[in-house]
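> Heads up: the protein sequence lines correspond to chains A and B, in order.
Mapping the first sequence onto this note's numbering, position 40 (from 1) lands on 40, and the numbers just tick up by one.
Add 174 to the 1-based position in the second sequence for this note's numbering, that's all there is to it.
Where is the CB? At the ideal position from N, CA and C, for every residue including glycine.
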Amino acid sequence: MTRLTSKVCVVGDFAVGKTSVVERFVSNHFSAKYLSTVGVKIDTKEIEQSALGVTHKLVVWDVAGSDRFGDKEFAYLRGASGYIFVADGTRALTIESVKTIQSQIGDKYGDAPSVLLLNKRDLTAEWEVNDERFESLQASFNGAFKTSAKTGDEVEDAFKRLAQLIVENELRGK
Amino acid sequence: MNDLDQLKQLLFGAEKQALDQIADRVERREVRTADVSEVLSEAIARSYREDEEFVESLTQPVGDCLRRAFRDDPQTYGDALYPVMGPAIRKSIMHALRNFSQQINEAVEHSVSPQGLKWRWQASRAGIPFGEYVLQKTMRYRVEQAYLISRENGLLVGHVHHEASRIKDSDAVSAMFTAIQDFVKESFSPDRTGRLESADMGDFTLWAVHGPHALLVCVIRGMPPKRLRTDLTAVLERIHFRYGEAIREYKGDTATVPEVEVELERCLRFEARAEKAKSGRMLPVWMIVLLLLLLAAAAFFGFRSWTHAQQLASLEDALRAAPGIHVTDIERNGSEFAVRGLRDPVAISINDIAASVDVPVERVAAEMQPFQSLEPEIIAARAGQLLNKPDSVQLSVVGTTLVVSGTAPAAWKAQLLDDFRMLAGVDTIDLAGLADETEPALVTVPKPDTAQLLRDRLEDLNERRFLFDEDVRFAADHAEALERHAIALRQLQVDADEANLSLVVTLTGHTDGLGSPAANTILAERRAATALEVLTRADVAAGVAAQPAAVTAGSESRADPQRRYVQIDLQLQEPPEVL
């Protein structure tokens, strides 16, 4: 098995549930206090991609959400192999923020595999994203998932999808 | 109230009353406060459980509250923190004092050793204090871990560590260090050119060496010297030379940087100086000094003991050689010598003997009993005292003869001839060397009592018979009896010689009546000869003639054990002439 390590950044607006989503997925993680001090939290997760013959370790950078995605936050994204964009399905405006950041990242660092997580799907009554919108979002990213950090729905699938995209990207690069 | 109001009252009276109560509840602040207070703690707990961003949202306001509270009322918070701060401060001070003490110990340890003297000279040449130079030389450190991190993405390119080092997820550590690096750069370096190069964490120091494509981060235990950064830079340069392009393009595939750990292993070789290890193997200075002192003490006491032993041997030899002194016991008690024995009053004193062999008199304790010695020197000395010897006369003793020489008045000489007999151990007097009007002569007068004593002893020993079994074999016990008799005869002979008399010993062999007369004569002669051999072994042979006889007259021709013997006859004879 080939060993591969990739940097994955989790980006999203304030209070969309980024940290909760990451907590659902990762196994090793630092204390959350780094989020409020340094502005980023590092976690890791190893995934066996047997079909591709790769043991894939994801180093997940959970970048703190804020009103403004500044230079410091962009510095954290440098060299990422993929992105997890997280938006709040009950607050459609957060999707626009994500798209803006995605655009800025593309301009700054170039294209990289990315998936969108529309979080808080367990709050169905307050869900603001209809199916048509969801379809269009899937096209904008390399995949979109309706996730729930509370129940864990589709969180793992989203990360694995991104990992697969990264490996494929790497293999193509070779 | 009109009809409409009455109708409303009838239809919605109860609902309106409820609405009014709600409105009242909403509008009245104290009621709202009471409602919120009921659920506030539960709401906080639930929010904290369900969403970690609750902490984020509280961090800033709570921090501000604390800052303001500390600023406005430092005394209260100081009192509250006192139980925590006290032990922490004490621990910190103890740690600092321990380090300080260790530094002083090292400085003292190196101050008198050859290495210390060399360092002192080097410190003076370098123009820095000796203590500081010692610290530089004795710093201990070890590179515990080395991380090679991609500058582009923070991914870990390689990682090595000592086996004993505790490590967490090295990929996460690498990423977190990169994040902190970015954080510091963005936060504190306006032009973003600054970079984090070192950090202190308790016993560890973290050093980062920056290359074009990679970052070498080393976790170092202890205080590293500045030159270590040069060494680490060389390692990073070598890595860039070998893997520069691969690191620049690094995307997490370690296969693109084969054996990079081998290069990183070089970092782990940097550790405590060899000099320190060597000094650890050397004996401490105080121990060397102590050993030298012990050796000096052992040499001193060993030499002193040897000297005392030599003095004891010299003193013992001198005492035993001194006439008139008989030592029965001599021993050393520490530095003193205890002597016990006999001493003639005219003999030389013990102290004089000690002084003659360089033994301090005060270290000699003598317990000597008086006795009268018959050694010639002592007899002569005693004679000088008793005879009131003139200065012109010299006395000496040869055997039992008092030899007088020099010149003396005739009266003293006459008195001398009367008085010399009082001297024990003196039998005769030789006046040949004494100048006088009279003809010098040696007068030898046997003492009457001595001659008589000899005759008495002769009577006791005379005509002894010693039996034989058969042939020339002695009967039981008679061989031993003859040996004892021979010793007594020898003593008698010596005494007789001293008395100027001669002892004549005659052995006569006898047989019983068995056998022919010719054979018995031969047997009698052989028995006498056998007895003669015993006497000869005891030095009694001189002047002795065997006179074996044939069968005694009148003997019958039969076996008779009592007639198988040798008889020894004795006789004292006067000397042929008396001077």
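Within the 9 angstroms Cβ cut-off, does B/N327 reach chain A?
As a working note, residue 327 of chain B is residue 153 in the second sequence. So, interface residue.
> At least one CB of chain A closer than 9 angstroms to the CB of B/E201: is that the case?
Locating residue 201 of chain B in the second sequence gives position 27, counting from the first residue. It does not; no Cβ of chain A falls within 9 angstroms.
> Would you list, in sequence order, the uninterrupted alpha helix (DSSP H) runs of no fewer than 4 residues that lie entirely inside the stretch 400–447 of chain B?
401–422, 434–442
> Within the continuous beta strand (DSSP E) that includes B/H659, where are the two ends?
Mapped onto the second sequence, residue 659 of chain B falls at position 485. Not the beta strand (DSSP E): B/H659 falls in the alpha helix (DSSP H), residues 652–672.
> If the cut-off is 8 angstroms on Cβ atoms, which residues from the stretch 94–109 of chain A count as contacting chain B, listed in chain order?
Within the stretch 94–109 of chain A, no residue has a Cβ that lies closer than 8 angstroms to any Cβ of chain B.
> Given a cut-off of 9 angstroms on the beta-carbon distance, is the pair B/Y315 and B/L402 in contact?
One-based indexing of the second sequence puts residue 315 of chain B at position 141. One-based indexing of the second sequence puts residue 402 of chain B at position 228. In this structure, B/L402 lies closer than 9 angstroms to B/Y315 by Cβ.
> Tell me, please, whether the CB atom of B/K122 is closer than 9 angstroms to any CB atom in chain A?
Since the displayed chain B opens at 175 and closes at 753, residue 122 of chain B lies outside it and no answer follows.
> So, using beta-carbon positions, are B/R639 and B/I742 closer together than 9 angstroms?
Working through the second sequence from its first residue, we reach residue 639 of chain B at position 465. Working through the second sequence from its first residue, we reach residue 742 of chain B at position 568. B/I742 sits close to B/R639, with the two beta carbons spaced by under 9 angstroms.
> Are any of the Cβ atoms in chain A nearer than 9 angstroms to that of B/M791?
Outside the shown range of chain B, which is 175 to 753, sits residue 791 of chain B, and nothing can be said about it.
> Just to make sure I have the definition right: I need the residues of chain B whose C-beta is within less than 9 angstroms of the C-beta of A/D88. Which are they?
As a working mapping, residue 88 of chain A is identified with position 88 in the first sequence. Going along chain B, no residue has its Cβ under 9 angstroms from A/D88, so there is no contact; the nearest lies around 11 angstroms.
> Please name the residue, chosen from B/P519, B/L493, B/Q485, B/A733, that lies closest to B/S509 on a Cα-to-Cα basis.
In the second sequence, residue 509 of chain B corresponds to position 335, counting from 1. Of the listed residues, the one whose Cα sits closest to B/S509 is B/Q485.
> Is B/D365 close to chain A? Criterion is C-beta to C-beta, closer than 9 angstroms.
For this step, residue 365 of chain B is matched to residue 191 along the second sequence. It does not; no Cβ of chain A falls within 9 angstroms.
> Between the stretch 426–438 of chain B and the stretch 456–466 of chain B, do at least 3 Cβ pairs fall closer than 8 angstroms?
no
> Less than 9 angstroms separating the beta-carbons of A/L162 and A/I42?
The sequence position of residue 162 of chain A within the first sequence is 162, counting from 1. The sequence position of residue 42 of chain A within the first sequence is 42, counting from 1. No.
> Name, please, each residue of chain A whose Cβ falls closer than 8 angstroms to the Cβ of B/S324.
As a first step, residue 324 of chain B must be located in the second sequence, where it is residue number 150. Under the 8 angstroms cutoff, chain A gives G79.
> Can you give me, in chain order, the residues of the stretch 419–435 of chain B that have a beta carbon less than 8 angstroms from any beta carbon in chain A?
K425, G426, D427, T428, A429
> Rounded to whole angstroms, how far is the Cβ of A/S114 from the Cβ of A/G65, which I believe are closer than 8 angstroms?
On the first sequence, residue 114 of chain A is found 114 positions in, with the first residue counted as 1. On the first sequence, residue 65 of chain A is found 65 positions in, with the first residue counted as 1. Wrong, their Cβ atoms sit about 16 angstroms apart, outside the cutoff.
> Out of B/P398, B/A349, B/H335, B/K342, point me to the one whose CA is closest to A/V40's CA.
Counted from its first residue, the first sequence places residue 40 of chain A at position 40. Taking only the C-alpha atoms, the option nearest A/V40 is B/A349.
> Where does B/M542 land, buried or exposed, given buried means 16+ other C-beta within 10 angstroms?
Position 368 of the second sequence, counting from 1, holds the residue named residue 542 of chain B. Burial call: buried.
> Please decide whether B/A448 counts as near chain A, where near means a Cβ-Cβ distance under 9 angstroms.
In the second sequence, residue 448 of chain B corresponds to position 274, counting from 1. Note on B/A448: pLDDT 42, under 50, position unreliable in the model; the coordinate value appears next. B/A448 does not count as touching chain A.
> Given a cut-off of 9 angstroms, decide if A/V60 and A/V98 are closer than it, judged by their beta-carbon atoms.
Start at 1 with the first residue of the first sequence, and residue 98 of chain A comes out as number 98. Start at 1 with the first residue of the first sequence, and residue 60 of chain A comes out as number 60. For A/V98 and A/V60, no; Cβs fall outside 9 angstroms.
> Considering only DSSP beta bridges, list what B/D743 is partnered with.
Residue 743 of chain B sits at position 569 when you count from the first residue of the second sequence. According to DSSP, B/D743 bridges with B/T680.
> Put A/L52 into one of helix, strand or coil per three-state DSSP.
As a first step, residue 52 of chain A must be located in the first sequence, where it is residue number 52. Of the three classes helix, strand and coil, the one that applies to A/L52 here is helix, per DSSP.
> From the beta carbon of A/D111, is the nearest beta carbon of chain B less than 9 angstroms away?
If you number the first sequence from 1, residue 111 of chain A lands on position 111. It does not; no Cβ of chain B falls within 9 angstroms.
> Quick one, are the C-beta atoms of B/R514 and B/A483 less than 9 angstroms apart?
The residue labelled residue 514 of chain B in the question sits at position 340 within the second sequence. The residue labelled residue 483 of chain B in the question sits at position 309 within the second sequence. Against a cut-off of 9 angstroms, the Cβ pair of B/A483 and B/R514 comes out as no contact.
> Only counting runs of 4 or more residues, tell me where the alpha helix (DSSP H) segments fall wholly within the stretch 282–365 of chain B, in order along the chain.
Runs of the alpha helix (DSSP H) inside the stretch 282–365 of chain B: 288–300, 304–312, 344–362.
> Could you compute how far the alpha carbon of B/I394 sits from the alpha carbon of B/H414?
Walking along the second sequence from the start, residue 394 of chain B turns up at place 220. Walking along the second sequence from the start, residue 414 of chain B turns up at place 240. Cα to Cα, B/I394 sits roughly 22 angstroms from B/H414.
> Taking Cβ positions only, does B/E224 come closer than 9 angstroms to chain A?
In the second sequence, counting from the first residue as 1, residue 224 of chain B sits at position 50. Taking Cβ atoms only, chain A reaches closer than 9 angstroms to B/E224, which makes this a yes.
> Per DSSP, B/R122 is paired with what?
This structure does not reach residue 122 of chain B, given that chain B is present from 175 up to 753, and the question cannot be answered.
> Determine, using beta carbons only, whether B/R537 and B/Q546 come nearer to each other than 9 angstroms.
Residue mapping note: residue 537 of chain B aligns to position 363 of the second sequence, counting from 1. Residue mapping note: residue 546 of chain B aligns to position 372 of the second sequence, counting from 1. Going by C-beta atoms, B/R537 is not nearer than 9 angstroms to B/Q546.
> Name the chain A residues whose beta carbon is nearer than 9 angstroms to that of B/L330?
The sequence position of residue 330 of chain B within the second sequence is 156, counting from 1. T5, V59, listed in chain order.
> Using beta-carbon positions only, say whether A/K45 and A/F159 come within less than 9 angstroms of one another.
Within the first sequence, the letter at position 45 stands for residue 45 of chain A. Within the first sequence, the letter at position 159 stands for residue 159 of chain A. Against a cut-off of 9 angstroms, the Cβ pair of A/F159 and A/K45 comes out as a contact.
> Around the Cβ of B/N507, are there at least 16 other Cβ atoms within 10 angstroms (buried) or fewer (exposed)?
On the second sequence, residue 507 of chain B is found 333 positions in, with the first residue counted as 1. Under this definition B/N507 is an exposed residue.
> Looking only at its chain, what residues have a beta carbon closer than 7 angstroms to the beta carbon of B/A673, apart from the 5 residues adjacent to it on each side?
Taking the first residue of the second sequence as position 1, residue 673 of chain B is located at position 499. P620, T624, A625, L628.
> For B/E747, does the count of other Cβ atoms within 10 angstroms reach 16, so buried, or fall short, so exposed?
Position 573 of the second sequence, counted from the start, is the residue given in the question as residue 747 of chain B. Reading off the sequence, residue 747 of chain B comes out as Gln, not Glu. Taking a 10 Å sphere around the C-beta of B/Q747, we find fewer than 16 other C-beta atoms and assign the residue as exposed.
> How is A/K160 classed by DSSP in three states: helix, strand or coil?
Locating residue 160 of chain A in the first sequence gives position 160, where the first residue counts as 1. Helix.
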